[in-house]
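Residue numbers (the working numbering), protein chains in the order written: chain P, 1 to 202; chain Y, 203 to 673.
Quick notes on the structure that follows.
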Ligand code: FES
């Protein structure tokens with residue numbers, strides 16, 4: 001398990017790739033023809049290796065990969081940058097232990113913030129309190145107590161979250177307020193470890 | 203990489219693989235012309251928020267590195283593509299085709315009496331799954347129904363039967379289902395399990411939702427099965443016990459409909475009605491006790507030989523789904539554990555040899571290039587979140603193997619053309635591929651049809667009708 005997590009270290013998330021893609025002007029100009037013709041156009045994928053669908057080749061500027069199209073971006077939460085002097089801070093500690101301190105506006109929720117800043121937090125139900133993929137662990141107990149109490153619905157979803165703790169919450173349900181300035185949350189470790197017991201149960 | 207199946211497991215694995223392995227290209231095979239598997243055909247119509255993950259899948263599918271190959275099944279029958287034809291054209295094949303069969307009880311009357319349905323078929327039918335478009339369940343034979351099994355599918359069935367059609371009218375439930383449910387005479391639903399509340403598979407959201415339904419009363423549960431002091435239980439079961447003890451607001455004497463959770467009953471036979479000999483009239487159950495500790499999640503049900511009869515003119519079997527091997531597995535050397543209904547794997551998604559005891563040791567030699575995710579990997583349980591975690595773990599394995607340069611399927615050959623290498627054969631075999639663009643056309647028409655009826659969408663329930671949109 002640990003090696004799998006290690007392998008993911010430094011891998012850009014899909015959203016990050018999207019923004020990288022947007023910064024490549026020549027790629028942006030490429031017309032979207034039918035998917036198969038683009039994807040199977042060997043030249044556009046990995047030059048000289050027509051058959052190799054998954055390439056070992058590192059990405060160089062002469063070989064820009066095609067990532068997700070621009071329209072994908074709109075699906076992610078859009079947050080306005082905070083006005084000077086009014087910013088609140090929230091820190092995400094990701095699965096690798098890296099800290100991301102972000103200046104945000106009052107009223108933003110942690111899921112939208114995370115998605116707008118390429119922090120690896122899924123939001124499978126898009127903030128409808130119906131999945132638990134946006135599970136976060138609030139680092140400080142005192143801070144946890146300052147967050148308005150979770151509803152039954154939120155607690156019901158949390159009960160299904162992997163690695164539930166005393167200070168677990170759903171990211172999509174935490175809305176930033178001045179009281180929460182300086183909030184620090186951890187993303188619970190990567191994958192549910194599929195142990196043999198899962199099979200034994202039946 | 204080829205992905206077999208377009209449900210959440212296939213999509214979440216593709217998503218992660220595409221973001222971890224640059225230049226990776228995914229061909230996703232789906233036997234229906236429409237994508238999303240159980241998100242479309244399993245998730246209850248009154249839970250639209252759970253379907254929001256489709257937006258993410260849509261985003262994945264819009265990538266030029268992703269090809270949807272819909273309406274193509276894998277197999278040797280006419281109009282299908284044999285699995286062996288895929289192998290030479292991919293570096294890796296991911297099996298994420300889910301569980302297509304439901305488990306049977308194998309008790310007297312199960313196959314002969316009218317009024318017995320599999321929950322999978324019933325759910326598939328109201329969600330517009332083509333396989334069950336002709337099910338036409340008869341909900342008019344009596345007021346009492348039983349659901350055998352206590353998972354979330356069982357509770358979905360109970361809720362659909364009980365809550366009244368008005369709530370469903372604006373959802374994507376099929377029009378046909380609304381008409382049938384309107385005529386339903388069902389007033390009393392028993393959701394029956396062999397074990398107790400602490401062993402039941404349902405999750406709290408689903409049970410709370412049912413308990414809270416305004417005009418549906420909840421019969422009190424047998425409190426002897428709940429520990430006196432629940433404060434010592436871990437949080438998730440404790441909160442479920444709180445919901446069960448508290449019960450609902452609707453009164454049993456005045457509410458038009460009611461339901462109960464009946465525990466410690468093991469199904470013994472389906473019995474004919476006294477009036478109509480080919481129609482279900484009641485069910486017999488053997489009472490069970492739980493051993494060794496009735497409050498432990500792994501307690502076993504032991505028969506007591508005491509038999510009780512439960513009146514019912516309608517029964518739904520909901521004791522779990524089962525995966526099957528794909529035709530052609532043997533030929534290409536992919537094992538399948540028929541007993542567990544899963545592909546032997548190292549619990550991280552790598553297909554391995556099915557040596558004895560693989561499921562407990564997870565040991566066994568890896569079969570290069572083959573991976574699995576979702577229900578064929580870990581058995582048919584779990585919500586979207588667990589399917590996602592599990593898919594990500596498979597994707598991590600694929601990426602790890604790729605970067606570690608372990609052998610994949612066609613090491614050394616440069617013939618991995620993907621669909622390009624297969625489409626000629628597909629044409630000869632009369633396969634008609636549906637692309638993502640095609641699906642979007644079907645999607646659009648379904649939404650338009652829905653709008654006319656004030657619904658989210660009106661699904662096509664027959665493959666011919668889906669394809670007709672494209673002609
Ligand atoms: S995004 Fe689904 S619960 Fe927060």
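Each residue gets a CB set at the ideal place from its N, CA and C atoms; glycine is no exception.
Quick caveat: nothing in here was measured; it's all calculated off a predicted structure.
Check	Outcome
Residue 170(P) CB to nearest heavy atom of the ligand FES below 7 Å	yes
Residue-level contact to chain Y via CB, residue 131(P), 8 Å cutoff	yes
Cutoff 8 Å: residue 125(P) Cβ touching any chain Y Cβ	yes
The stretch 165-174 of chain P in contact with the stretch 540-548 of chain Y per 3-pair CB rule at 8 Å	no
Reference residue 316(Y), options 219(Y), 478(Y), 359(Y), closest by Cα	478(Y)
Three-state secondary structure (DSSP) of residue 354(Y)	helix
Rounded straight-line distance, which links the Cα of residue 230(Y) to that of residue 458(Y)	47 Å
Residue 187(P) versus 82(P), 121(P), 102(P), residue with shortest Cα-Cα distance	121(P)
Cβ-based burial, residue 346(Y) [other Cβ within 10 Å; buried from 16]	buried
Minimum length 3: unbroken beta strand (DSSP E) runs contained in the stretch 375-441 of chain Y	390-394, 418-420
Those residues which DSSP pairs with residue 524(Y) across a bridge	303(Y)
Closer than 8 Å to chain P by CB, residue 658(Y)	no
Runs of alpha helix (DSSP H) wholly within the stretch 303-343 of chain Y (minimum 4 residues, chain order)	321-328
Distance between beta carbons of residue 406(Y) and residue 156(P), contact taken as under 8 Å	5 Å
Where the alpha helix (DSSP H) containing residue 497(Y) begins and where it ends	Here residue 497(Y) belongs to no alpha helix (DSSP H), and DSSP marks it neither H nor E.
Alpha-carbon spacing of residue 398(Y) relative to residue 261(Y), whole angstroms	42 Å
CB of residue 496(Y) within 8 Å of CB of residue 446(Y), strictly	no
Residues of the stretch 140-166 of chain P with Cβ closer than 8 Å to any Cβ of chain Y, in chain order	152, 153, 155, 156, 157, 159, 160, 161, 162, 164
Sufficient close CB pairs (3 or more, under 8 Å) joining the stretch 436-444 of chain Y to the stretch 368-383 of chain Y	no
For residue 481(Y), three-class secondary structure by DSSP	strand
Within chain B, the residues that residue 122(P) reaches when beta carbons sit closer than 7 Å	Note that chain B does not occur in the displayed structure, where the protein chains are P and Y.
Cβ shell of residue 209(Y) (< 7 Å), same chain only, five flanking positions each side left out	238, 239, 240, 241, 298, 300, 576
Spatial distance of residue 216(Y) from residue 207(Y) (CA atoms)	11 Å
Same chain only: Cβ atoms within 8 Å of residue 205(P), ignoring 5 sequence neighbours per side	This structure cannot settle anything about residue 205(P), because the visible part of chain P is limited to 1 through 202.
Residue 503(Y) CB to nearest heavy atom of the ligand FES below 7 Å	no
heavy atom of the ligand FES below 7 Å from residue 133(P) C-beta	yes
Any chain P beta carbon closer than 8 Å to residue 636(Y)	no
beta-carbon residue 204(P) near the ligand FES non-hydrogen atom, thresh 7 Å	Nothing about residue 204(P) can be read from this structure; chain P reaches only from 1 to 202.
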